[in-house]
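Using the working numbering, the letters of the sequence shown map in sequence onto residues 22 to 709.
All residues carry an ideal CB built from backbone N, CA and C; glycine is no exception.
This one's a predicted model, so the numbers in the text were calculated from it and none came from an experiment.
Accompanying notes for the structure given below.
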Amino acid sequence: AWERADFNGMTILKVGSTDQDILAKKGDEIRIDWGYFYAGTDNSFAPLSTVAEGKAARAQFVKEGKLPEMDQQTPRAAKEKQPVLAFAFNCGTVKEKEIVMAVAYDDEYSIQFMEKNLRAYWRKNGETAKDMFMQARDQYNDLVKACEKFDEELMKDLTDAGGVKYAKLCALAYRQSLASSKVVADDNGQPLMFSKENHSNGCIGTVDVFYPQSPHLIFLNPSLIKATVVPMLEYASSPRWRFRFAPHDIGTYPQANGQVYGAGEKSERDQMPVEETANMLLILAAITEADGNADFVAPYWPLIVRWADYLREKGFDPENQLCTDDFAGHLAHNINLSAKAIVALGAFAKISDAKGEKNAAELYRKVAQELAERWVREGLDGDHYKLAFDKKGTWSMKYNLVWDKILGLGLFPDKVARMEMDFYKKAQKPYGLPLDNRSDYTKMDWILWTACLTQNDADFKALLDPVFRFLNETPDRVPMSDWYWTTTAKHQSFTARPVVGGVFIKMLYNKDIWKKWAGRDTLNPAGWAPIPTRPEYIHTTIIPTAETEALEWKYTTDKPADNWFQADFDASSWKTGKAGFGTQGTPGSIIGTTWNSSDIWIRRDFDLQDIPENLALRLAHDENADIYINGTLVAAFRGYTATYIDRYIKKDKLSAFKKGKNVIAVHCHQTTGGQYIDVGFQTLELVK
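Below you can see the structure in the form of C-alpha cells.
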C-alpha cells in the first residue's frame, strides 16, 4: 500500500506492506517485510511525483516528459503491475543545478530484546519519520560540510598511518561495519547496539563478530562499543546464563531473546568458551584504556572476575572446541586461541589495576607472564610457531597478539612477532596470507591484525598489498568479503559482515590519534535500563512436539498435487513417520524421521473441543515453513529457528479452525545447511 504526504513543504511518497508483522521473522537470508519506505524532496524543487506501474511510468516519461496520474489501486500485490515511487524535475537548460532527494526506511521497531520490541535510537524522544525528513532538509548543508570535513581529516590520518591503500581499505569498510549493526534505545533512552552475523548464520550480538569489528568503534566512538557489549553483559549476568564462560550470541537477528548457537542455553556442546570469554575481556580492557578509568566495567565486576578465573583454568591449552574461525571445525590445543587467553588475562590485570583491585592485578599479571613464557617455549616449531601445541609442521596467523602492544601489556618478546612475520611473508599467496596451513582461504580482518604485529611499515605493506589486490581483482561482485581464497581472489562465503571494521586496528597503536578521535565522542552513555524480563506463560499442549511425544505424521518428499493442503485431500499413499523430520546435528532438532531432501510435506488430523483465543503454534523450522489448517494458510515462517519457538495464531486466522476434527498440513523448504521441521499446538496463558 502507498500514499502521498506533505511534511511541511516536502513532497513525500510512502510505501509498505499492509500486513505489518513487526519483528516476527528472524534468520540470515531474511529481508525486512515490515516498516515503510519513504522518498521525498523539498517543494522548492517543483517536483512531479507519482506512484504508478514502473513500466508505464518510464514509458510515459520518455514519450511525453510527464508522469502518470497517481495509481489509486492500493493496496495490491507487489507483483501485480509492480509499482514504483517516481519523481521528475524540470532542470531547465543544460547547466549545473542541484536537486536534492531523500530516501529513508522507518522500521517502527528495530530489535526485539528479551521479547521486548525496541525502537531505533533516533526515535528515543518520540521522533517520527516526518521529524527525520524535516531535520535532514533543514540541516542538509551543514551536514554535508561536516561529512566532507570528517572524511578529509580521517582519510589523512589513515593515510599517514598506513598509506593510501590502507586509507582506501578503511573507507571501503567504514559503512559496511556500521550498516550491519542497529542502534536502538532501551527504556532509559540509552543506546544498545546489535550487530548481525551476515551470511554465516544470522546470529545477533555475536561476540566473535563484534570482537573483530571493535577497533572501528573503539577508535571513532567508544560509546558504540559500550552500547554493543551492554546487552551481552546484562545477559551473561542474568540467571538464564548458567555457564562460567561468556555466551556466543543473544539470539537470531533481529530477535535478541537468548543464545541459539551450539546447544544454546542448554549445555556446553559446540560453544566457544575460551574464544568468547577472552574476546569480552579484551574489549573491556580497550574500553577501560579509552576511558582512562574502570567506571564502565565496575557494575559487572563479579561477572568479569568469573570470566578471568575461567580463562586462568582453561585458557592456556584449550580443549577440543570451536574458535571464531569455526568454519575450520573444532581444534584442540589451539595456539592462537591460547595466545588470546593469555593476552586477555593480562588485560584483566590491567582492568583490575584501573579499578584499584591491586591484588588481582598483581596475581593475574604474574599468571599471564608465566603462561606467555610457556607459550613461547612450547609453541615453537623451528622458524615459526605452530597451529596447535601437539601438531609439528603446522602454522597459523597469531593475530590475537595485537592487543599485547595496543594495551601495553608486554607479555610476549618482540622476537615472537619478528619470527612469525618473516615466516608469513614466505607463506603468502598472490592475494594474501592464508589463515593457517590447513587451507588457502583466509580472513581479511585477521590479515590486517597480523600485519600490525611488528609495527614495521615494510611488514605492514607486505601483508596489505595482496589484500588490496584481492579487492581490486576479485571476480565476485559482492559486498566486501572477509573470507576469500588467496589463490584465486574468489570470495569463499562471507559478505556484508561487520567484522571488516577490524581493519581500523592499526589506528589503536597511535595513542595520540586514538585519543583525538575517541575524544570527540560526547555521548558518554550511562544508566542503562536493566535487561527486560521475559514474559512467562502457562503452556497447555494440544498437539505435542517431539520434545515430549513423537507423534506420527503422513509425509512425502515428492511434490504432491496442488491441493495437498486441503482438508479432504487423500494422503493415504504418503509415508508415515514420527516427528521431528530432519537431519542429525541440526541445531535444536529432535530427529524422529530422517529428511534430507530439499522439500517435505507433512499432514495429520487433530481434534479441538473448542477454539481458544490464545491458541499458539509451537514449532522448530529450518528453513521456510508454510502451515495450513483445513486448507487455509495460517502462518508462514522464513529462515530457521535453531530452537523451538511459540507463536500465537493471529486473530483473523482463528476462523480456519473448527470444533471437532481438523487437518494440519505443513510444507518445509530447505536450501543449505541443517534442516528440520516439527509443529505442535498449545494454548499460552500469560502469567501476570
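Setting aside the 5 residues that flank it on each side, A78 is surrounded in the same chain by T71, L88, P89, V105 and A107, each with a C-beta closer than 7 Å to its C-beta; the list follows chain order.
As computed with DSSP, R25 is found in a beta bridge with L34.
A straight line joining the alpha-carbon of Q292 with that of T298 spans about 11 Å. In the three-state reduction of the DSSP assignment, A582 falls in the coil class, being assigned neither a helical nor a strand state. Rounded to the nearest angstrom, the gap between the Cα atoms of D461 and Y187 is 23 Å.
Non-local beta-carbon contacts of W574 in its own chain, meaning distances under 7 Å to residues more than five positions away in sequence, involve G598, A600, I623, R624 and R625 in chain order. Here the C-alpha atom of Y406 lies approximately 56 Å from the C-alpha atom of M122. Around F82, the same chain offers L88 and A109 as residues with beta carbons nearer than 7 Å, after the five sequence neighbours per side are excluded. The alpha-carbon separation between L408 and H354 amounts to approximately 8 Å.
Within the region 110-159, the complete alpha helix (DSSP H) segments at least 4 residues long are 150-159, listed from N- to C-terminus.
With fewer than 16 other Cβ atoms from the protein chains shown falling within 10 Å of its own Cβ, H560 counts as exposed.
A residue is called buried once 16 or more other Cβ atoms fall within 10 Å of its Cβ, and Q211 is buried on that count.
For T662, the closest C-alpha among the options R639, R158, M442 and V397 is that of R639. Membership of C689 in the beta strand (DSSP E) is indicated by the continuous run G681 to H690. N314 counts as exposed, since fewer than 16 other C-beta atoms from the protein chains shown sit within 10 angstroms of its C-beta.
The C-alpha of W504 lies about 10 Å from the C-alpha of V520. Under the 8 Å Cβ criterion, the region 266-279 does not count as touching the region 542-554, having fewer than three qualifying pairs. Counting along the chain, the unbroken beta strand (DSSP E) around W504 starts and ends at W504 to W506. Counting C-beta pairs with one atom in each stretch, the region 439-453 and the region 379-395 have fewer than three that are closer than 8 Å, which means they do not touch. Just so you know, the alpha carbons of K145 and V205 end up roughly 8 Å apart.
For A656 and D647, the gap between their C-alpha atoms comes out near 6 Å.
CA-CA distance, A182 to Y195, rounds to 16 Å.
Non-local beta-carbon contacts of S258 in its own chain, meaning distances under 6 Å to residues more than five positions away in sequence, involve L324 in chain order. Secondary structure at A547: coil, using DSSP grouped into helix, strand and coil. Going by DSSP, M465 is part of the alpha helix (DSSP H) stretching over M465 to A472. Just measuring C-alpha positions, the residue of E136, T149, K118 and M135 sitting nearest Y126 is T149.
In this structure, N357 lies away from N300, with their beta-carbon atoms at least 8 Å apart.
Secondary structure in the region 582-609: the beta strand (DSSP E) runs of 3 residues or longer, each lying completely within the stretch, are 596-599 in chain order. For L485, the closest of D497, N222 and W467 by C-alpha to C-alpha distance is W467. If you look at S70, you'll find it in the beta strand (DSSP E) that goes L69 to E74. Contact between the region 672-679 and the region 603-610 is not established, with fewer than three Cβ pairs separated by less than 8 Å.
Pairing T249 with S216 gives a Cβ-Cβ distance under 8 Å. Spatial neighbours of N531 in its own chain (CB-CB distance under 8 Å, excluding positions within 5 residues in sequence) are listed in chain order as A182.
The residue among W416, S618, E644 and P68 with its C-alpha nearest the C-alpha of T578 is S618.
Between the beta-carbon of D63 and that of A550 there is about 38 Å, and that puts the pair past the 8 Å contact cut. Taking a contact to require three or more Cβ pairs closer than 8 Å, the region 663-672 and the region 588-597 do not qualify as touching.
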